[in-house]
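Enquirer:
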């Protein structure tokens, strides 16, 4: 197996994450470890080995895509790719719960529960920073992007309409969505608590950045809020979670 569970220094400070295999929640007492590809998280090597057959292709594609990108390329905002992507990564981790609720609202899963197996939520944002004002503190990073739009697409429409930089990226997204479907079956097998796993894509066109995340959804859902999208935009603008 070419990938390995990371060392303690790579543990994830995020109690919302779960082990990719057994779904154990991350905690300070028993922190999850991130896979070398930085895509998946596991309790230990045993959980990683059990999941490797499913994760191997995704891990390989992620590595190939990263090798195609020069991290020193300067983007339109005056910052190199590496800086922009690191800010986007931290920002998306801060607002993970918000994205999950936004996905639930956008799909209206309370009314249309089957959408979780056929649709994904596309959240498009734009940066509020440039090379003259780089967000560094957690509060600054939490306000690093503003909401442009939220939409739901079928998996097929997403693959057909979203502009993709390369066939490798297209294959990566398709593989990630397939992985989410397998993950959903595991959650559904845990009893009646979970309705499945929703797929969320965070699109940042200005930074040539596209992020995909899995969002486990409980059966007990919140009532649909008519002004939910405005609320999401306001929270992102203020940096609150």
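Numbering (the working numbering), first residue to last: 1 to 241. We treat Cβ as the ideally placed atom computed from N, Cα and C, and that holds for glycine.
(1) On the three-state DSSP scale, how would you describe residue 220?
(2) Pick from 106, 43, 94, 78: whose alpha carbon is nearest that of residue 137?
(3) What residues are listed by DSSP as bridge partners for residue 129?
(4) For a quick check, are the C-beta atoms of residue 196 and residue 186 less than 8 Å apart?
(5) Looking at the structure shown, is residue 119 part of a helix, part of a strand, or coil, going by DSSP?
(6) Under three-state DSSP, which class holds residue 42?
(7) Determine the direct distance from the alpha carbon of residue 140 to that of residue 4, and round the result to whole angstroms.
(8) Measure the alpha-carbon distance for residue 146 versus residue 236 and round it to whole angstroms.
(9) Are residue 121 and residue 102 touching if we call contact CB-CB under 8 Å?
(10) Just the C-alpha distance for residue 205 and residue 88, rounded to the nearest angstrom, thanks.
(11) Note down the Cα distance separating residue 211 from residue 17, rounded to an integer number of angstroms.
(12) Ignoring anything shorter than 3 residues, give me the beta strand (DSSP E) runs that lie fully in the stretch 132-163, in order along the chain.
(13) Note the first and the last residue of the continuous alpha helix (DSSP H) segment covering residue 92.
(14) In whole angstroms, what is the alpha-carbon distance linking residue 109 and residue 180?
(15) In its own chain, which residues sit with a C-beta less than 6 Å from the C-beta of residue 51, not counting the 5 before and 5 after it?
(16) What would DSSP say about residue 17, mapped onto helix, strand or coil?
(17) Please report how far the alpha carbon of residue 117 lies from the alpha carbon of residue 198, in whole angstroms.
(18) Tell whether a beta-carbon distance below 8 Å holds between residue 194 and residue 216.
(19) With H, G and I counted as helix, E and B as strand and the rest as coil, what does DSSP make of residue 215?
Expert: The answer reads as follows:
(1) Here residue 220 refers to the residue found at position 220 when the chain shown is read from its first residue. Looking at residue 220 - three-state DSSP - the assignment turns out to be coil, as it is neither helix nor strand.
(2) As a working mapping, residue 137 is identified with position 137 in the chain shown. For the residues 106, 43, 94, 78, the minimum Cα distance to residue 137 belongs to 94.
(3) Here residue 129 corresponds to residue number 129 of the chain shown, with the count starting at 1. Answer is none; residue 129 lacks a bridge partner.
(4) Your numbering for residue 196 matches position 196 in the chain shown. Your numbering for residue 186 matches position 186 in the chain shown. Their beta carbons are not under 8 Å apart, which means residue 196 does not touch residue 186 by this criterion.
(5) Counted from its first residue, the chain shown places residue 119 at position 119. Residue 119: strand per DSSP, three-state reduction.
(6) As a first step, residue 42 is located in the chain shown; it is residue number 42 there, counting from the start. Under the three-state reduction of DSSP, residue 42 is assigned to strand.
(7) Taking the first residue of the chain shown as 1, we reach residue 4 at position 4. Taking the first residue of the chain shown as 1, we reach residue 140 at position 140. Caution applies to residue 4, whose pLDDT of 42 falls short of 50 and renders its modelled position unreliable; the value that the coordinates give is listed next. Between the C-alpha atoms of residue 4 and residue 140 there is a straight-line separation of about 33 Å.
(8) Walking along the chain shown from the start, residue 146 turns up at place 146. Walking along the chain shown from the start, residue 236 turns up at place 236. So the alpha carbons of these two residues sit roughly 6 Å apart.
(9) Sequence index remark: in the chain shown, residue 121 carries index 121 (1-based). Sequence index remark: in the chain shown, residue 102 carries index 102 (1-based). Between residue 121 and residue 102, the gap from beta carbon to beta carbon is short of 8 Å.
(10) What you label residue 205 is simply residue 205 of the chain shown in a count that begins at 1. What you label residue 88 is simply residue 88 of the chain shown in a count that begins at 1. Residue 205 and residue 88 have their C-alpha atoms some 12 Å from each other.
(11) As a position in the chain shown, residue 211 is number 211, starting the count at 1. As a position in the chain shown, residue 17 is number 17, starting the count at 1. Distance between the alpha carbons of residue 211 and residue 17: 16 Å.
(12) Within the stretch 132-163, the complete beta strand (DSSP E) segments at least 3 residues long are 145-154, listed from N- to C-terminus.
(13) For the purposes of this step, residue 92 is taken as residue 92 along the chain shown, with counting starting at 1. Counting along the chain, the alpha helix (DSSP H) containing residue 92 begins and ends at 81-94.
(14) Taking the first residue of the chain shown as 1, we reach residue 109 at position 109. Taking the first residue of the chain shown as 1, we reach residue 180 at position 180. Using only the alpha carbons, I get a separation of about 17 Å.
(15) For the purposes of this step, residue 51 is identified with residue 51 of the chain shown, where counting begins at 1. Answer for residue 51: 20, 21, listed in chain order.
(16) Locating residue 17 in the chain shown gives position 17, where the first residue counts as 1. Residue 17 sits in coil when the DSSP states are folded into three classes, being neither helix nor strand.
(17) As a first step, residue 117 is located in the chain shown; it is residue number 117 there, counting from the start. As a first step, residue 198 is located in the chain shown; it is residue number 198 there, counting from the start. Between residue 117 and residue 198, the alpha-carbon positions lie close to 7 Å from each other.
(18) Taking the chain shown and counting its residues from 1, the one referred to as residue 194 is at position 194. Taking the chain shown and counting its residues from 1, the one referred to as residue 216 is at position 216. The criterion of a C-beta distance shorter than 8 Å is satisfied by residue 194 and residue 216.
(19) Here residue 215 refers to the residue found at position 215 when the chain shown is read from its first residue. Strand at residue 215.
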